[in-house]
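From first to last, the protein sequence lines stand for chains A and B. Just so you know, my numbering puts the end of the first sequence at 248, numbered straight through with nothing missing. Just so you know, my numbering puts the end of the second sequence at 248, numbered straight through with nothing missing.
Number of protein chains: 2
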Amino acid sequence: MGEQVMVDWSARLGSGREFVARTATADRVADVLRTRIIEGLFPPGTRLSEEAIGQVLGVSRNTLREAFRLLCHERLAVHELNRGVFVRVLSADDVVDLYRLRRLIEGAAVRAAGQCPPGALDAVRAAVSDGEHAAARELWREAGTADLRFHQALAGLLGSPRIDELMRGVLAELRLVFHVMPSRQRFHQAYLARNREICELLEAGNVPAAERALTVYLDDAERELVSAYRERDVGAESMGEAGKALSR
Amino acid sequence: MGEQVMVDWSARLGSGREFVARTATADRVADVLRTRIIEGLFPPGTRLSEEAIGQVLGVSRNTLREAFRLLCHERLAVHELNRGVFVRVLSADDVVDLYRLRRLIEGAAVRAAGQCPPGALDAVRAAVSDGEHAAARELWREAGTADLRFHQALAGLLGSPRIDELMRGVLAELRLVFHVMPSRQRFHQAYLARNREICELLEAGNVPAAERALTVYLDDAERELVSAYRERDVGAESMGEAGKALSR
DNA sequence: GATGGTAGCATTGTTGAACAATCCGACAAG
DNA sequence: CTTGTCGGATTGTTCAACAATGCTACCATC
Chain A
1 MGEQVMVDWS ARLGSGREFV ARTATADRVA DVLRTRIIEG LFPPGTRLSE
51 EAIGQVLGVS RNTLREAFRL LCHERLAVHE LNRGVFVRVL SADDVVDLYR
101 LRRLIEGAAV RAAGQCPPGA LDAVRAAVSD GEHAAARELW REAGTADLRF
151 HQALAGLLGS PRIDELMRGV LAELRLVFHV MPSRQRFHQA YLARNREICE
201 LLEAGNVPAA ERALTVYLDD AERELVSAYR ERDVGAESMG EAGKALSR
Chain B
1 MGEQVMVDWS ARLGSGREFV ARTATADRVA DVLRTRIIEG LFPPGTRLSE
51 EAIGQVLGVS RNTLREAFRL LCHERLAVHE LNRGVFVRVL SADDVVDLYR
101 LRRLIEGAAV RAAGQCPPGA LDAVRAAVSD GEHAAARELW REAGTADLRF
151 HQALAGLLGS PRIDELMRGV LAELRLVFHV MPSRQRFHQA YLARNREICE
201 LLEAGNVPAA ERALTVYLDD AERELVSAYR ERDVGAESMG EAGKALSR
């Protein structure tokens with residue numbers, strides 16, 4: 001008899017558990033570094049010195065190394081033995097692969113939007129209008145994050161925790177790509193209108209049209225990024241090709 | 001003049017780079033623990049003691065902790081603050097989520113098999129016959145790994161490094177699920193014939209039929225695993241429900 | 001008998017120092 | 001211009017120490 005209420009308690013208390021349970025320092029350090037990397041304070045290629053960062057953040061080298069491992073596992077950094085960890089610098093191939101994943105995930109999400117419960121699109125709609133408001137006030141940084149949150153919400157339609165985290169990782173990697181591009185503010189702004197279009201098509205239940213719009217969106221974005229890479233590469237042909245190949 | 005041959009050298013040497021570069025001990029430790037976990041030597045729920053394992057493997061606690069972080073990030077273990085790390089014990093919800101991911105990945109892979117270059121199905125075909133040979137000789141362990149390799153090869157048709165690694169993680173988690181099931185040998189064996197069917201349909205270019213067969217395959221497997229969980233859960237209701245819920 | 005406190009022990013969290021191994025740049029020699 | 005070589009700087013790894021936390025058993029109280 002009392003059984004039911006106890007289960008009820010535990011279910012509601014469980015949601016607050018991650019609040020009471022403080023996180024380990026290594027996790028917090030990883031969080032800090034992750035945001036620093038994503039926000040561009042550490043440009044791709046930057047070396048993350050154990051001693052320097054450890055001193056600034058006030059943590060020991062051992063703890064810091066645990067955090068580095070996590071970042072490397074998330075592909076935000078790379079670990080070269082006896083040389084240290086560096087902020088990841090992505091190649092054009094990486095961009096292609098990332099958009100392959102996006103097509104897979106977001107495409108499935110749009111197709112699944114048909115049999116979603118009402119209210120599932122709330123987060124999507126909110127991200128769209130947030131982006132527009134930010135753009136109207138010329139807050140380009142906010143507009144960019146809103147753009148990414150739109151696609152995160154899109155992936156969320158699948159209702160899968162693993163896909164949510166996968167998408168988080170994909171978008172984090174993508175932000176690394178954006179930093180290579182000049183003026184990423186304009187880049188995001190150009191796509192805000194398309195976000196609204198996709199959102200409205202979904203609300204109207206027109207899944208095929210939404211899927212087509214999404215495909216065009218992703219194809220255009222990928223093309224733009226890859227061509228930006230091509231231009232940048234021909235501009236940096238000062239170093240010998242052989243040395244470049246060996247350095248990877 | 002000599003430029004061309006140098007580029008040639010570097011391209012071929014680059015493939016051997018990961019051979020010469022020894023891996024760090026933390027990575028090797030993580031490898032060992034990973035195989036121990038997925039082979040079932042450490043059953044789900046087992047606590048991984050820092051001192052005990054560190055002593056056996058001859059590594060220091062700090063190095064071991066780096067390895068633990070990796071395993072937690074791969075979802076093969078969970079880290080509870082001030083309590084240690086435990087081999088992950090998956091819930092029925094996890095099974096559902098994992099099969100959602102499998103449907104997404106493998107479904108896309110089968111659909112992409114149409115425009116794959118000839119020879120792309122070689123790995124798939126090899127996994128199928130390996131599994132049959134192993135089953136014929138009643139090597140159930142080998143048959144099980146061949147089954148998983150079949151699906152890994154299927155995902156490989158997408159030609160995406162990230163999806164390959166994602167699939168590796170998904171299958172590793174699933175092996176954790178299999179250990180909960182009694183007699184996982186029989187489980188895999190029953191699906192070997194379906195693997196051949198899917199493979200032959202793909203070789204014949206009949207993509208829609210292959211996709212249907214795959215869907216049935218995944219639905220059946222998921223149903224079987226989830227029902228096994230349900231049975232196990234009602235059998236283990238000796239412990240209070242509230243306590244069980246809070247322990248997560 | 002059930003609840004609540006408390007002391008002790010084992011384990012984890014984190015740090016700092018230490019030493020070996022490795023990389024990198026500079027500089028000299030052919 | 002290439003090839004050794006040397007020294008400084010950084011990473012790889014271990015060890016020892018201490019604080020913080022969790023667990024268990026025991027005891028007291030109602």
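The beta-carbon is built from N, C-alpha and C at its ideal position, and this holds for glycine as well. Bear in mind the structure is a predicted one, so any value in this text is a computation, not a measurement.
Those residues of the region 65-92 of chain A placed with their C-beta closer than 7 Å to a C-beta in chain B are 65, 66, 69, 70, 73 and 81, ordered along the chain. With a threshold of 16 other beta carbon atoms within 10 Å, residue 216 of chain B falls short and is exposed. Here the C-alpha atom of residue 30 of chain B lies approximately 20 Å from the C-alpha atom of residue 145 of chain B.
Ranking B:39, B:59, B:80 and B:23 by CA distance to the CA of residue 47 of chain B puts B:80 first. The Cβ neighbour count for residue 211 of chain A, taken over all protein chains shown within 10 Å, is at least 16; the residue is labelled buried. Here DSSP, grouped into helix, strand and coil, assigns residue 138 of chain B to coil. Shown here for residue 148 of chain B: same chain residues with a beta carbon closer than 6 Å to its own, the five before and five after excluded, namely 171 in chain order. For residue 50 of chain B, the enclosing alpha helix (DSSP H) begins and ends at 50-57. Annotation: the region 110-178 of chain B contains the following complete segments of the alpha helix (DSSP H) (minimum length 4 residues), in chain order: 122-136 and 140-156. When only Cα atoms are considered, residue 128 of chain A and residue 115 of chain A end up about 21 Å apart. For the region 184-204 of chain A, the set of positions with a beta-carbon nearer than 8 Å to some beta-carbon of chain B is empty. Remark: C-beta atoms of residue 135 of chain B and residue 192 of chain B approach each other more closely than 8 Å. With its beta carbon less than 8 Å from one in chain A, residue 160 of chain B belongs to the interface.
Within the same chain, and ignoring the five residues on either side of residue 25 of chain B in sequence, the residues whose Cβ sits closer than 8 Å to its Cβ are 59 and 63. Under the 8 Å Cβ criterion, the region 70-90 of chain B does not count as touching the region 156-163 of chain B, having fewer than three qualifying pairs. The residues 123, 124 and 127, in chain order, have a CB closer than 6 Å to that of residue 153 of chain A in the same chain once the five nearest residues on each side in sequence are set aside.
In this structure, the CA atom of residue 45 of chain B is about 6 Å from the CA atom of residue 88 of chain B.
For residue 56 of chain B, the closest alpha carbon among the candidates B:33, B:100, B:73 and B:72 is that of B:33.
Using a Cβ-Cβ cut-off of 8 Å, residue 230 of chain A does not count as an interface residue toward chain B, since no Cβ of chain B sits closer than that to its own.
Secondary structure of residue 74 of chain B (DSSP, three-state): coil. For residue 47 of chain A, the secondary structure class from DSSP, reduced to helix, strand or coil, is strand. Taking each of B:137, B:143 and B:138 in turn and checking the Cα distance to residue 131 of chain B, the smallest one comes out for B:143. Cβ neighbours of residue 151 of chain A within its own chain (closer than 8 Å, five residues either side excluded): 102, 106, 167 and 171. For the C-beta of residue 155 of chain B, not a single chain A residue is nearer than 9 Å; the gap to the nearest is close to 11 Å. Here the alpha carbon of residue 72 of chain B sits roughly 23 Å from the alpha carbon of residue 156 of chain A.
Residue nearest to residue 118 of chain A within the set A:223, A:209, A:204 and A:232 is A:204 (criterion: CA-CA distance). Using a Cβ-Cβ cut-off of 7 Å, residue 62 of chain A is close to 62 of chain B, given in chain order.
The C-beta distance from residue 66 of chain B to residue 66 of chain A rounds to 6 Å, short enough to meet the 8 Å contact threshold. In terms of beta-carbon proximity, residue 37 of chain A stays away from the interface with chain B, with every pair separated by 8 Å or more.
Proximity of chain B to residue 163 of chain A at the Cβ level (cut-off 9 Å) is accounted for by 97, 100, 101 and 104, in chain order.
Residue-level contact check: residue 175 of chain B does not touch chain A, since none of the beta carbons of chain A fall below 8 Å from its beta carbon. Its chain contains 86 and 88 as the residues whose beta carbon lies nearer than 6 Å to that of residue 78 of chain B, once the 5 sequence neighbours on both sides are disregarded; these appear in chain order. Proximity of chain A to residue 57 of chain B at the Cβ level (cut-off 7 Å) is not reached, the minimal Cβ distance being about 17 Å.
Interface annotation for the region 208-223 of chain A against chain B: empty, criterion Cβ-Cβ distance under 9 Å. Going by C-alpha positions, residue 232 of chain A is about 44 Å away from residue 38 of chain B. Between the C-alpha atoms of residue 181 of chain A and residue 197 of chain A there is a straight-line separation of about 25 Å.
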